[in-house]
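Participant: What follows is a single structure, and I will ask about it in a moment.
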Amino acid sequence: MSDYIHLTADEFASLAAKANAAQTVGFFIRNLDTLKLELHFEREAYDALTDDAKREIKSLFLWGRRSGCWISRHKEPRLIWAQRLAEKLGLADAGKTGARPSFAEQQQRKAERAEARAERFDIAADRALDRANALQKPIADMRGDIAFFTQPNINTSAGRAFTRQRDRMFAAFERGFDEFNKSEYFKSRAASARETAAQTGLQDKGFILRRIRERESDIRKLKRNIEGHEQIMSREADDARRERLQAQIDAWLERIEITLDELGYYQNALEALGGVTFSRENVHPGDFVRIRGFGVPCRVISCGSKNIRFECMASTIACSYADIDEVVKPASHA
Numbered sequence: 331m332s333d334y335i336h337l338t339a340d341e342f343a344s345l346a347a348k349a350n351a352a353q354t355v356g357f358f359i360r361n362l363d364t365l366k367l368e369l370h371f372e373r374e375a376y377d378a379l380t381d382d383a384k385r386e387i388k389s390l391f392l393w394g395r396r397s398g399c400w401i402s403r404h405k406e407p408r409l410i411w412a413q414r415l416a417e418k419l420g421l422a423d424a425g426k427t428g429a430r431p432s433f434a435e436q437q438q439r440k441a442e443r444a445e446a447r448a449e450r451f452d453i454a455a456d457r458a459l460d461r462a463n464a465l466q467k468p469i470a471d472m473r474g475d476i477a478f479f480t481q482p483n484i485n486t487s488a489g490r491a492f493t494r495q496r497d498r499m500f501a502a503f504e505r506g507f508d509e510f511n512k513s514e515y516f517k518s519r520a521a522s523a524r525e526t527a528a529q530t531g532l533q534d535k536g537f538i539l540r541r542i543r544e545r546e547s548d549i550r551k552l553k554r555n556i557e558g559h560e561q562i563m564s565r566e567a568d569d570a571r572r573e574r575l576q577a578q579i580d581a582w583l584e585r586i587e588i589t590l591d592e593l594g595y596y597q598n599a600l601e602a603l604g605g606v607t608f609s610r611e612n613v614h615p616g617d618f619v620r621i622r623g624f625g626v627p628c629r630v631i632s633c634g635s636k637n638i639r640f641e642c643m644a645s646t647i648a649c650s651y652a653d654i655d656e657v658v659k660p661a662s663h664a
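With the sequence shown counted from 1, adding 330 to any position gets you my numbering.
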């Protein structure tokens, strides 16, 4: 067996960056697998930071006990403040590590985490309910005992002990209501998590079409930014500035690649639902259509290339063609 260790260019660059970072306070690295930023300190370096610096770290990062580093609260592309803090602290940039999952894999992980979260909330709700019943049981067991509830306070040792015991039982009964409220709260959180896990948005053509348009708009903006920077570079003589401009262009190109992956995911989801059935070719002003989310047919006022305007219950509202479920009555028969 060979004693050589084979590394890819990216792995070698990452190891070299970490080695250089070891000579500084620490380093930060982008974990492509989690899409988060990680801060790596020695314990002594962290202890030497000011209280303000530690507060800033805790506001933007969470301590990962398993990974032994600070992990950003946000993911890409919302890492600008986390990275600025890392640079402000004097940490070295160790580049990237891991492999970026596809958008479909990210959504699957999100659904799995949401399902696990729902199960934890269900357990918490059941435990809160058990605590509530246990706290209220002593008073519930005394139901019907008129003497217990009407017994006056008697100033003897036995009377005072009885009063204290009854007061504790009433206080526990009140705390039981707090536990019931906690149980309801955890149940609502579990329901919300299960809705996320079910990915109900992928069954709504209107939702999917809006996500597609957002990605298409983002790609157009990024392309305009790249074209603008390329024009500036063609006139720029300063090598350092050209390098900064190229770095920004590379970042935008990477962002376009990521957004195209997301766009393809939503386009596939729309195709799985049969695509957009309606357009200005088969929907006309005066038609009565059934819009998702509205219980009664609505009259179409105008038709654009992407959206329609319709009247419902004395209100004029706009929606996309994907939100139309069916044409109830064409204008010619209205």
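Positions of the beta carbon are idealized from the N, C-alpha and C atoms, including for glycine. Source: prediction; values computed, not measured.
(1) Please report the straight-line C-alpha distance between Ala488 and Glu509, rounded to a whole angstrom.
(2) In chain order, what residues of the same chain lie with their CB nearer than 8 Å to the CB of Lys384, ignoring the 5 residues before and after it?
(3) What does the Cβ neighbour count give for Thr669, buried or exposed, with the cut at 16 atoms within 10 Å?
(4) What span of residues does the beta strand (DSSP E) with His370 cover, start to end?
(5) Tell me which same chain residues have a C-beta within less than 8 Å of the C-beta of Ser332, skipping the five on either side of it?
(6) For Ile469 and Ala521, what's the separation of their Cα atoms in angstroms?
(7) Between Asp363 and the rest of its own chain, which residues show a CB-CB distance below 6 Å, the 5 nearest in sequence each way excluded?
(8) Does DSSP put Ile359 in a helix, in a strand, or in coil?
(9) Taking the straight line between their C-alpha atoms, what separation do you get for Glu445 and Arg439?
(10) Using a Cβ-Cβ cutoff of less than 8 Å, which residues in the same chain neighbour Ala664 once the five nearest sequence positions on both sides are dropped?
(11) Assuming Thr530 is part of the alpha helix (DSSP H), what are its boundary residues?
(12) Using a Cβ-Cβ cut-off of 8 Å, state whether Gly558 counts as contacting chain B.
(13) What residue does the beta strand (DSSP E) around Ala422 start on, and which one ends it?
(14) Residues bridged to Val630 by DSSP?
(15) Between the C-alpha atoms of Gln578 and Lys551, what's the straight-line distance to the nearest angstrom?
(16) Please state whether DSSP places Gly536 in a helix, a strand or coil.
(17) Within the continuous alpha helix (DSSP H) that includes Ala412, where are the two ends?
(18) Looking at the unbroken beta strand (DSSP E) that takes in Leu392, where does it start and where does it end?
(19) Using DSSP bridges, identify the partner residues of Phe618.
(20) By how many angstroms is the C-alpha of Val658 removed from the C-alpha of Thr607?
(21) Grab me the residues of Cys649's own chain with a C-beta within less than 8 Å of its C-beta, minus the 5 sequence neighbours each way, in chain order.
(22) Buried or exposed: which applies to Arg360, given that a residue is buried once 16 or more other Cβ atoms fall within 10 Å of its Cβ?
(23) Could you give the DSSP three-state label for Ile484: helix, strand or coil?
(24) Only counting the same chain, and skipping five residues up and downstream in sequence, which positions put a Cβ closer than 6 Å to that of Tyr596?
(25) Between which two residues does the beta strand (DSSP E) carrying Ala648 extend?
(26) On the CB-based measure, 16 or more other CB atoms within 10 Å of its CB, does Gly356 come out buried or exposed?
(27) Going by DSSP, what residues sit across from Trp400 in a beta bridge?
(28) Tell me the start and end of each unbroken alpha helix (DSSP H) in the stretch 499–571 that is at least 4 residues and wholly inside, in chain order.
Facilitator: In terms of the structure at hand:
(1) For the purposes of this step, residue 488 is identified with residue 158 of the sequence shown, where counting begins at 1. For the purposes of this step, residue 509 is identified with residue 179 of the sequence shown, where counting begins at 1. Rounded to whole angstroms, Ala488 to Glu509 spans 32 Å at the Cα level.
(2) Along the sequence shown, one-based indexing puts residue 384 at 54. Here the set comprises Tyr376.
(3) Given that the chain is displayed from residue 331 to residue 664, the structure contains no residue 669 and the question cannot be resolved.
(4) Along the sequence shown, one-based indexing puts residue 370 at 40. It spans 366–371 - the beta strand (DSSP E) in which His370 sits, taken as one unbroken run.
(5) Stepping through the sequence shown from its first residue, residue 332 is reached at position 2. Since pLDDT at Ser332 reaches only 47, below the 50 mark, its modelled position is unreliable, and no value is offered.
(6) Locating residue 469 in the sequence shown gives position 139, where the first residue counts as 1. Locating residue 521 in the sequence shown gives position 191, where the first residue counts as 1. When rounded, the distance between both Cα atoms is 32 Å.
(7) Stepping through the sequence shown from its first residue, residue 363 is reached at position 33. Contacts found: Gly428.
(8) One-based indexing of the sequence shown puts residue 359 at position 29. Ile359: strand per DSSP, three-state reduction.
(9) Walking along the sequence shown from the start, residue 445 turns up at place 115. Walking along the sequence shown from the start, residue 439 turns up at place 109. Those two C-alpha atoms are separated by around 10 Å.
(10) Along the sequence shown, read from residue 1 onward, the residue named residue 664 stands at position 334. Unreliable positioning characterises Ala664 in this predicted model, as indicated by a pLDDT of 49, which lies under 50. The coordinate reading is nonetheless provided below. The residues are Gly616, Asp617, Phe618, Arg629.
(11) Walking along the sequence shown from the start, residue 530 turns up at place 200. Unbroken run through Thr530: none, as it is neither H nor E.
(12) Note that chain B does not occur in the displayed structure, where there is just one protein chain.
(13) Walking along the sequence shown from the start, residue 422 turns up at place 92. That run of the beta strand (DSSP E) goes 422–427.
(14) In the sequence shown, counting from the first residue as 1, residue 630 sits at position 300. DSSP, once it has assigned bridges, lists Phe640 as partnering Val630.
(15) Within the sequence shown, numbered from 1, the residue matching residue 578 stands at position 248. Within the sequence shown, numbered from 1, the residue matching residue 551 stands at position 221. The alpha-carbon atoms of Gln578 and Lys551 are separated by roughly 14 Å.
(16) Your numbering for residue 536 matches position 206 in the sequence shown. In this structure, Gly536 counts as helix in the three-state DSSP scheme.
(17) As a position in the sequence shown, residue 412 is number 82, starting the count at 1. Segment 410–418, the alpha helix (DSSP H) holding Ala412.
(18) Residue numbering aside, residue 392 sits at position 62 when the sequence shown is read from its first letter. Element bounds for Leu392: 391–394.
(19) Residue 618 sits at position 288 when you count from the first residue of the sequence shown. Bridge partners of Phe618: Arg629, Lys659.
(20) Here residue 607 refers to the residue found at position 277 of the sequence shown. Here residue 658 refers to the residue found at position 328 of the sequence shown. Cα-Cα distance, rounded: 14 Å.
(21) For the purposes of this step, residue 649 is taken as residue 319 along the sequence shown, with counting starting at 1. Hits under 8 Å: Gly536, Ile621, Asn637, Ile638, Phe640.
(22) Stepping through the sequence shown from its first residue, residue 360 is reached at position 30. Looking at its Cβ environment, which holds 16 or more other Cβ atoms inside 10 Å, Arg360 is buried.
(23) If you number the sequence shown from 1, residue 484 lands on position 154. Reduced to three states, the DSSP call for Ile484 is coil.
(24) The sequence position of residue 596 within the sequence shown is 266, counting from 1. Counting only Cβ-Cβ distances below 6 Å, and skipping sequence neighbours, we find Ile538, Arg541, Ile542.
(25) Stepping through the sequence shown from its first residue, residue 648 is reached at position 318. Unbroken beta strand (DSSP E) run through Ala648: 645–650.
(26) Taking the sequence shown and counting its residues from 1, one reaches residue 356 at position 26. That one is buried.
(27) Translated into the one-based positions of the sequence shown, residue 400 becomes position 70. Trp400 pairs with Leu369, Trp393.
(28) 535–565, all fully within the stretch 499–571.
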